[in-house]
DNA sequence: GCTCCACGTGCAATCGATTGTTATCGTTTG
DNA sequence: CAAACGATAACAATCGATTGCACGTGGAGC
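Residue numbers (my numbering), protein chains in the order written: chain F, 1 to 335; chain P, 1001 to 1335.
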């Protein structure tokens, strides 16, 4: 049905190989300009579209990139995926999206299916601090980590400056007069959870305060997990403000506070992290650290593309973007 | 690097063609059980994974499906996409996701890229009532519409019962004592906008009421567009309740009401449609018609898979799922 | 007037899997 | 005893694009 190189060649009256060279920008200098013009015209007329399976078979490159995320329905990821998609597509690559649901087994399966599809590279948003699989993958094909990183191996990554983000949050609260500030930490297996917790300690000490008791890490990045942990935290001691490790945890904290008879922001201030969609419309509108999610995706795609282009192995590169504080209604001056 | 059929054949000491037949469940009956067993073992040992580009080239099937959505960052779609992904993946197909941003030109481009990739079929969530491109596509390959349908041509589809959903909303409001109920309609180019508007008229008349003045269609499914249209609507006459054509429009309506000095639900009740994530956390928690978004996706994928399997053209099939009313805080009895 | 080179193009092999046709073998049967 | 048969498996062609190599032509240089 669809036209092939041979069809174009027949129309122009030349050999298919010449048509191939003429149409490929990298080799078209080998063909006379007149022939190139004729080939272009004929290809256009036949609406010739190269068959990626044929060229992929020959060149062993699929022009396809695997994108591994925990779960597309987590509102953090759609923007990131858009950033990735837009950048990859513009460069002629097709992203293949898979979800791991944060299960290492599922991850192994879906990554397997990506490799079966012969993806040229991977963008991985599911890194854990300990993550043996990633080391393996990094040896086999270009891999870029987004958002989270791993300690298992050195891989290029695009992340944000957690240190800075958390400091913005803490400084904001201190500026409002708070001194009894607690951190509801993310899962410790996640680099973001870990780094934000450390950044919190540093920021607090930087303000001449002492960290509230012990850290309160949750087991999952979910509203439900946060609710329970926050309840314990609130019972554990007097706290007038909470820096949550992400927006879900902040929402859970607010619910827990409400459950404990505290009103936010009147009795307790809460700050989130990420600024997911609709966080301006929840009750109360959430003060949060905004992460340039779409840019992270775009940057990761660019990084991977550069890896795919270069033959020579380049030094492992880390890109860090800067978050900003968005002040809304969930934080208020200490009364 | 990776093992091929030939490698497996060499290990077993037979011809590659036989290995191919042994490994393919559809042809393995042509090979003796003992050979099949030996082949399976060798394939396992070499960790042979078939090259989809090679088999796709030969069979002219990519085992790939295009999924065309307006915009992944619209919270309605991630769930739908998950439903599609999970179902397709289980069946050995890989979804290729593209965004059109509701631009027909962008759509033409991205659909073009899908066809260049030789997708075996399409799942399209961007149908407009007038949509010439869809007729063309439907002739060229299997296409299933989701959520929205078109009048340009008859294509299989998976949608919800708008009639029923809107009736649930209207009946709820009437039950609360409202009689001056308006509809903030979606764009008329969208079948959902159109059908919900018609369903509204019917439901109102079914309650023995008269529809409030004229319809108020917005130009886009956005909070901003809704805000403006809702302002005009509120000025146009007394209204105690609004059925919005989707959640974004409901949010815009609530903002407009607030701007006009009305409190929701005290002075005005508002109902949304879809029940996007976080609609339980906005202020006030949104009463809305919940659509089984993930099921829609899964059902569409199943429908497409059946089309891909059958050689014989089957009659065009339409699946309709039933929505339900979720009552929250944005509706209250008429005072 | 000859060699040599550069340029443009053709030729043919190749990527890995699939599939229609053919060959082989052991067995059965008239 | 030969032909026929069924079951396996080998052979070879094919899908469409790419690419190393060979070939021919025309022009430059001596």
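Built from N, CA and C at the ideal position, the CB exists for glycine as well.
query = Considering only the beta carbon of each residue, do residue 1196 of chain P and residue 1127 of chain P sit closer than 8 Å?
reply = One-based indexing of the second chain puts residue 1196 of chain P at position 196. One-based indexing of the second chain puts residue 1127 of chain P at position 127. The answer is no: Cβ separation not under 8 Å.
task = Could you list which residues in chain P have their beta carbon closer than 9 Å to that of residue 116 of chain F, in chain order?
result = Translated into positions along the first chain, residue 116 of chain F becomes position 116. Within chain P, the residues near residue 116 of chain F are 1049, 1050, 1051, 1052.
ask   = Can you name the residues of chain F whose CB is closer than 9 Å to the CB of residue 1288 of chain P?
value = As a working note, residue 1288 of chain P is residue 288 in the second chain. Residues of chain F passing the Cβ test: none, with the nearest at roughly 14 Å.
Presumed contact (8 Å Cβ cut-off) between residue 1170 of chain P and residue 1204 of chain P, rounded CB distance = In the second chain, counting from the first residue as 1, residue 1170 of chain P sits at position 170. In the second chain, counting from the first residue as 1, residue 1204 of chain P sits at position 204. Yes, they are in contact, since the Cβ atoms of residue 1170 of chain P and residue 1204 of chain P sit about 6 Å apart, within 8 Å.
key: Three CB pairs or more closer than 8 Å across the region 1278–1289 of chain P and the region 278–296 of chain F   = yes
ask   = In three-state DSSP terms, what is residue 153 of chain F?
value = Within the first chain, residue 153 of chain F is the residue found at index 153, counting from 1. If DSSP states are grouped into helix, strand and coil, residue 153 of chain F belongs with coil.
task = Inspect the beta-carbon positions of residue 114 of chain F and residue 96 of chain F and report whether they are closer than 8 Å.
result = Start at 1 with the first residue of the first chain, and residue 114 of chain F comes out as number 114. Start at 1 with the first residue of the first chain, and residue 96 of chain F comes out as number 96. Yes. Within cutoff.
ask   = What distance in whole Å lies between the Cβ atoms of residue 243 of chain F and residue 80 of chain F, which are believed to be in contact at a cut-off of 8 Å?
value = Position 80 of the first chain, counted from the first residue, corresponds to residue 80 of chain F. Position 243 of the first chain, counted from the first residue, corresponds to residue 243 of chain F. That belief does not hold up - the Cβ atoms of residue 80 of chain F and residue 243 of chain F are roughly 23 Å apart, past 8 Å.
query = At which residue ranges does the region 244–292 of chain F contain complete beta strand (DSSP E) runs of 3 or more residues, listed in the order of the chain?
reply = 269–274, 287–290
task = Tell me whether residue 1145 of chain P is buried or exposed, calling it buried when 16 or more other Cβ atoms sit within 10 Å of its Cβ.
result = Numbered from its first residue, the second chain carries residue 1145 of chain P at position 145. Buried, by the Cβ-count rule.
ask   = residue 130 of chain F by DSSP, collapsed to three states: which one?
value = Counted from its first residue, the first chain places residue 130 of chain F at position 130. In this structure, residue 130 of chain F counts as coil in the three-state DSSP scheme.
ask   = Using a C-beta cutoff of 8 Å, does residue 122 of chain F count as contacting chain P?
value = Here residue 122 of chain F corresponds to residue number 122 of the first chain, with the count starting at 1. Answer no: the Cβ-Cβ gap between residue 122 of chain F and chain P never drops below 8 Å.
ask   = Which residues, taken in chain order from the region 144–169 of chain F, show a beta carbon closer than 9 Å to some beta carbon of chain P?
value = none
query = Residues of chain F with a CB under 9 Å from the CB of residue 1085 of chain P: which are they?
reply = As a first step, residue 1085 of chain P is located in the second chain; it is residue number 85 there, counting from the start. Correct list: 72, 97, 98, 99.
query = Is it right to say residue 30 of chain F is buried, meaning 16 or more other beta carbons lie within 10 angstroms of its own, or is it exposed?
reply = By 1-based counting over the first chain, the position of residue 30 of chain F is 30. The residue is exposed, with fewer than 16 neighbouring Cβ atoms inside 10 Å.
message = What does the Cβ neighbour count give for residue 24 of chain F, buried or exposed, with the cut at 16 atoms within 10 Å?
response = Numbered from 1 along the first chain, position 24 holds the residue referred to as residue 24 of chain F. With fewer than 16 Cβ atoms within 10 Å of its Cβ, residue 24 of chain F is classed as exposed.
ask   = How should residue 1015 of chain P be labelled, buried or exposed, when 16 other C-beta atoms within 10 angstroms of its C-beta is the threshold for buried?
value = On the second chain, residue 1015 of chain P is found 15 positions in, with the first residue counted as 1. Per the 10 Å Cβ criterion, exposed.
request  = Tell whether a beta-carbon distance below 8 Å holds between residue 1250 of chain P and residue 1286 of chain P.
outcome  = Taking the first residue of the second chain as position 1, residue 1250 of chain P is located at position 250. Taking the first residue of the second chain as position 1, residue 1286 of chain P is located at position 286. Cβ atoms of residue 1250 of chain P and residue 1286 of chain P: closer than 8 Å.
request  = Just grab the DSSP bridge partners of residue 240 of chain F for me.
outcome  = Locating residue 240 of chain F in the first chain gives position 240, where the first residue counts as 1. Paired residue(s): none; residue 240 of chain F is not in a bridge.
request  = Check residue 117 of chain F in the structure and name its three-state DSSP category.
outcome  = Start at 1 with the first residue of the first chain, and residue 117 of chain F comes out as number 117. The DSSP-derived three-state label of residue 117 of chain F is coil.
ask   = Going by beta carbon distance, what residues of the same chain come within less than 7 Å of residue 179 of chain F, once the five residues before and after it are set aside?
value = The residue you call residue 179 of chain F lines up with position 179 of the first chain. The answer, listed in chain order, is 209.
Assumed close pair residue 1176 of chain P, residue 1331 of chain P - CB separation to whole angstroms, cut-off 8 Å = Position 176 of the second chain, counted from the start, is the residue given in the question as residue 1176 of chain P. Position 331 of the second chain, counted from the start, is the residue given in the question as residue 1331 of chain P. Right, the Cβ-Cβ distance comes to about 6 Å (below 8 Å), so this counts as a contact.
request  = Please report the Cβ distance between residue 1142 of chain P and residue 1304 of chain P, rounded to the nearest whole angstrom; I am assuming they are in contact, meaning their Cβ atoms lie under 8 Å.
outcome  = Taking the first residue of the second chain as position 1, residue 1142 of chain P is located at position 142. Taking the first residue of the second chain as position 1, residue 1304 of chain P is located at position 304. Confirmed, Cβ separation roughly 6 Å.
ask   = In its own chain, which residues sit with a C-beta less than 8 Å from the C-beta of residue 1173 of chain P, not counting the 5 before and 5 after it?
value = Position 173 of the second chain, counting from 1, holds the residue named residue 1173 of chain P. Cβ within range, chain order: 1181, 1241, 1243, 1269, 1271, 1331.
Own chain residues within Cβ distance below 7 Å of residue 165 of chain F, not counting five before or after = If you number the first chain from 1, residue 165 of chain F lands on position 165. The answer, listed in chain order, is 273, 289, 323.
query = What residues in its chain sit with their C-beta under 6 Å from that of residue 28 of chain F, if we drop five residues either side in the sequence?
reply = On the first chain, position 28 is the one that residue 28 of chain F refers to. Shown here for residue 28 of chain F: same chain residues with a beta carbon closer than 6 Å to its own, the five before and five after excluded, namely 22, 36 in chain order.
task = With DSSP collapsed to three states, give me the class of residue 328 of chain F.
result = The sequence position of residue 328 of chain F within the first chain is 328, counting from 1. Here residue 328 of chain F sits in coil by DSSP.
inquiry  = Here's the rule I'm using: 16 or more other beta-carbon atoms within 10 Å means buried, otherwise exposed. How should residue 59 of chain F be labelled?
reply    = In the first chain, the residue the question calls residue 59 of chain F occupies position 59. It counts as exposed.
message = For residue 1140 of chain P, count the other beta carbons within 10 Å of its own beta carbon; 16 or more makes it buried, fewer makes it exposed. Which is it?
response = Within the second chain, numbered from 1, the residue matching residue 1140 of chain P stands at position 140. Counting Cβ neighbours within 10 Å, residue 1140 of chain P comes out exposed, since fewer than 16 surround it.
query = For residue 1078 of chain P, which residues in chain F fall below 7 Å Cβ to Cβ?
reply = In the second chain, residue 1078 of chain P corresponds to position 78, counting from 1. Correct list: 72, 73, 78.
request  = For residue 205 of chain F, decide whether its Cβ has a neighbour in chain P, counting only Cβ atoms nearer than 8 Å.
outcome  = Along the first chain, one-based indexing puts residue 205 of chain F at 205. Answer no: the Cβ-Cβ gap between residue 205 of chain F and chain P never drops below 8 Å.
ask   = Using a C-beta cutoff of 8 Å, does residue 1033 of chain P count as contacting chain F?
value = In the second chain, counting from the first residue as 1, residue 1033 of chain P sits at position 33. Interface flag for residue 1033 of chain P against chain F is unset, since no Cβ pair is found closer than 8 Å.
query = By Cβ distance below 8 Å, which residues in the same chain neighbour residue 1082 of chain P in space, the five residues on each side in sequence not counted?
reply = Within the second chain, the letter at position 82 stands for residue 1082 of chain P. If the five residues before and after residue 1082 of chain P are omitted, its C-beta is found closer than 8 Å to the C-beta atoms of 1294, 1297, all from its own chain and listed in chain order.
request  = Inspect the beta-carbon positions of residue 148 of chain F and residue 125 of chain F and report whether they are closer than 8 Å.
outcome  = Sequence index remark: in the first chain, residue 148 of chain F carries index 148 (1-based). Sequence index remark: in the first chain, residue 125 of chain F carries index 125 (1-based). Contact: yes.
ask   = So what does DSSP say about residue 1192 of chain P, is it helix, strand or coil?
value = Numbered from 1 along the second chain, position 192 holds the residue referred to as residue 1192 of chain P. Looking at residue 1192 of chain P - three-state DSSP - the assignment turns out to be helix.
task = Using the Cα positions of residue 34 of chain F and residue 40 of chain F, report the straight-line distance between them to the nearest angstrom.
result = Here residue 34 of chain F refers to the residue found at position 34 of the first chain. Here residue 40 of chain F refers to the residue found at position 40 of the first chain. Answer to the nearest angstrom: the Cα atoms are 10 Å apart.
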